[in-house]
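Trainee: Before I ask anything, here is the structure I am working with.
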């Protein structure tokens, strides 16, 4: 998700997306702990997306 897409969302949509992405991050971490996932960079990308969403929410 690009920053322009994030900026076009409303504050409530951003908050919902943060919750969804945190759940996704938890699932990725559990899957990686049990057996290494194919692309462990997805964990980093998800963390950064959550940070971008939180920043955009604070700006609104």
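Numbering (UniProt numbering), first residue to last: 1 to 60. We put the beta carbon where it would ideally sit given N, CA and C, even for glycine.
(1) Any contact of the segment 10 to 22 with the segment 42 to 50, i.e. 3+ C-beta pairs under 8 Å?
(2) Cutting at 8 Å between CB atoms, please list the residues of its own chain near residue 21, excluding the five before and the five after it.
(3) Pull up the distance between the alpha-carbon of residue 60 and that of residue 3, whole angstroms please.
(4) Under 8 Å, do residue 42 and residue 28 count as touching if we go by C-beta distance?
Mentor: According to the structure data:
(1) yes
(2) Reading the chain shown from its first residue, position 21 is the one you call residue 21. Here the set comprises 46, 49, 50, 53.
(3) Counting from one through the chain shown, the residue named residue 60 turns up at place 60. Counting from one through the chain shown, the residue named residue 3 turns up at place 3. Rounded to whole angstroms, residue 60 to residue 3 spans 14 Å at the Cα level.
(4) In the chain shown, residue 42 corresponds to position 42, counting from 1. In the chain shown, residue 28 corresponds to position 28, counting from 1. It is a contact, given that the beta carbons lie within the stated cut-off.
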